[in-house]
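Be aware that the sequence shown starts at 124, since it is given in our numbering, and climbs by one per residue.
All residues carry an ideal CB built from backbone N, CA and C; glycine is no exception.
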Amino acid sequence: MSNIIDGKGIAKSVREDVAKGVEELKKKTGKVPKLSVILVGEDPASKVYVGHKSKFSAEVGIDSDTIKLPADTPQDELLGVIDKLNADKSVHGLLVQLPVPDHLDTELVTQRIAPEKDVDGITYPNFGRLLTSEADLEPCTPSGVMELLKRHNVDLKGKAATIVGRSNIVGKPIALMLMRNHATITICHSRTTDLERRVKEADIVVAATGKAEMIKGSWIKKGAIVIDVGVNRMEDGKLKGDVEFDEAVKNASLITPVPGGVGPMTIAMLLNNTLKAANKALL
Ligand code: NDP
Numbered sequence: 124m125s126n127i128i129d130g131k132g133i134a135k136s137v138r139e140d141v142a143k144g145v146e147e148l149k150k151k152t153g154k155v156p157k158l159s160v161i162l163v164g165e166d167p168a169s170k171v172y173v174g175h176k177s178k179f180s181a182e183v184g185i186d187s188d189t190i191k192l193p194a195d196t197p198q199d200e201l202l203g204v205i206d207k208l209n210a211d212k213s214v215h216g217l218l219v220q221l222p223v224p225d226h227l228d229t230e231l232v233t234q235r236i237a238p239e240k241d242v243d244g245i246t247y248p249n250f251g252r253l254l255t256s257e258a259d260l261e262p263c264t265p266s267g268v269m270e271l272l273k274r275h276n277v278d279l280k281g282k283a284a285t286i287v288g289r290s291n292i293v294g295k296p297i298a299l300m301l302m303r304n305h306a307t308i309t310i311c312h313s314r315t316t317d318l319e320r321r322v323k324e325a326d327i328v329v330a331a332t333g334k335a336e337m338i339k340g341s342w343i344k345k346g347a348i349v350i351d352v353g354v355n356r357m358e359d360g361k362l363k364g365d366v367e368f369d370e371a372v373k374n375a376s377l378i379t380p381v382p383g384g385v386g387p388m389t390i391a392m393l394l395n396n397t398l399k400a401a402n403k404a405l406l
């Protein structure tokens with residue numbers, strides 16, 4: 124059996140499960156989940172992501188709606204749009220596509236989202252709950268990583284996990300989730316000394332730095348599991364991860380490729396969160 128984790132296949136299977144859940148909800152309530160996405164401005168990458176969100180929503184039977192606002196939308200106006208969607212009972216999931224233009228306060232904007240509709244799992248109540256136990260809605264990329272490990276029956280108990288990257292949307296929540304599942308965690312960042320040793324000691328390595336191939340394949344312990352969250356666009360247009368894949372794959376017992384590893388899981392988990400939010404609101 125290959126040691127390469129098929130994120131694309133697993134994401135498809137998650138979406139199939141979501142589609143079944145949507146059908147069940149429809150049978151019970153006559154309603155389907157609805158996801159609203161606010162897109163401010165014309166950032167090309169954001170437009171692509173939002174397009175994927177609406178395409179995959181449609182695939183699983185989730186009703187989705189993109190609210191496009193001009194790049195110069197004043198903050199108060201954006202907050203007003205969020206308030207309106209927060210109050211709209213037909214909307215179950217709500218997110219603001221990031222990054223927002225510079226004149227907007229990202230923190231203020233994202234924290235305005237009602238926690239029960241916060242399908243990105245980034246509002247303080249959801250993040251706080253993640254810290255103390257399990258939140259109803261947890262961040263999508265970290266949940267996707269955990270789902271990949273679960274579907275490969277990885278037993279995390281007692282394992283040494285090194286997470287490289289400490290961002291609020293990726294590194295930190297992944298560390299919390301791994302710890303919740305009884306791994307012993309080491310969190311590394313740009314000021315960490317002796318990164319190589321800390322990676323070499325790990326049974327599980329999670330790379331989330333945004334620095335192409337900075338984790339060398341020779342650092343990966345024989346039999347370790349490697350999860351590469353990084354997405355780096357190279358000059359030739361190809362995508363590369365944060366791990367030197369061609370060498371790491373020789374040592375790892377399981378490894379995610381880039382693309383086709385963690386990436387497809389993010390939207391799958393967003394759809395799953397939207398279904399969860401709708402179930403909570405409607406059942
Ligand atoms: P951030 O830039 O917010 O965080 C990067 C982290 O990496 C920081 O904690 C930083 O440390 C650390 N870091 C940077 N350089 C080094 C270094 N040389 N050694 C050790 N640590 C380092 O990025 P994100 O967490 O948002 O994203 C990380 C990667 O994951 C990116 O490639 C992004 O594109 C990708 N991503 C992929 C997603 C997907 O769906 N597959 C979703 C989200 C992100 P410090 O805190 O000290 O600055």
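- Taken in chain order, the whole beta strand (DSSP E) runs of length 3 or more contained in the stretch 298-358 are 307-311, 327-330, 348-351.
- A distance criterion of 6 Å places the beta-carbon of A325 beyond contact range of the ligand NDP, judged by its closest non-hydrogen atom.
- Note that the C-beta distance between T379 and G130 is below 7 Å.
- Taking a cut-off of 6 Å from the heavy atoms of the ligand NDP, the residues with a C-beta inside it are T264, V287, G288, R289, S290, I292, V293, G294, C311, H312, S313, R314, T315, L318, A331, T332, G333, K334, M337, V352, G353, V354, N355, V385, G386, T389.
- By the Cβ test, the stretch 134-153 is not in contact with the stretch 356-372, since fewer than three Cβ pairs between them sit closer than 8 Å.
- Distance from the Cα of S169 is smallest, within the candidate group P156, K295, L362, K191, for K191.
- Per DSSP, the unbroken alpha helix (DSSP H) holding I390 starts and ends at 386-405.
- Under DSSP, K363 takes part in a beta bridge, and its partners are N355.
- Counting only unbroken stretches of 4 or more residues, the alpha helix (DSSP H) elements lying wholly within the stretch 194-229 are 198-210, in sequence order.
- DSSP, reduced to helix, strand and coil, places V160 within a strand of the structure shown.
- Between the stretch 324-340 and the stretch 368-386, the count of C-beta pairs closer than 8 Å reaches three or more; the two stretches touch.
- In its chain, beyond the 5 residues on either side, V163, L192, L227, V232 have a beta carbon closer than 7 Å to the beta carbon of L201.
- Contiguous alpha helix (DSSP H) elements confined to the stretch 145-190 occur at 167-183, taking only those with 4 or more residues.
- Distance from the CA atom of T307 to the CA atom of M392, rounded to whole angstroms, is 25 Å.
- Between A325 and E257, the alpha-carbon positions lie close to 25 Å from each other.
- Contact annotation, T189 with V160: C-beta distance approximately 5 Å; criterion of less than 8 Å satisfied.
- Beta-bridge partners of I378 (DSSP): I127, V349.
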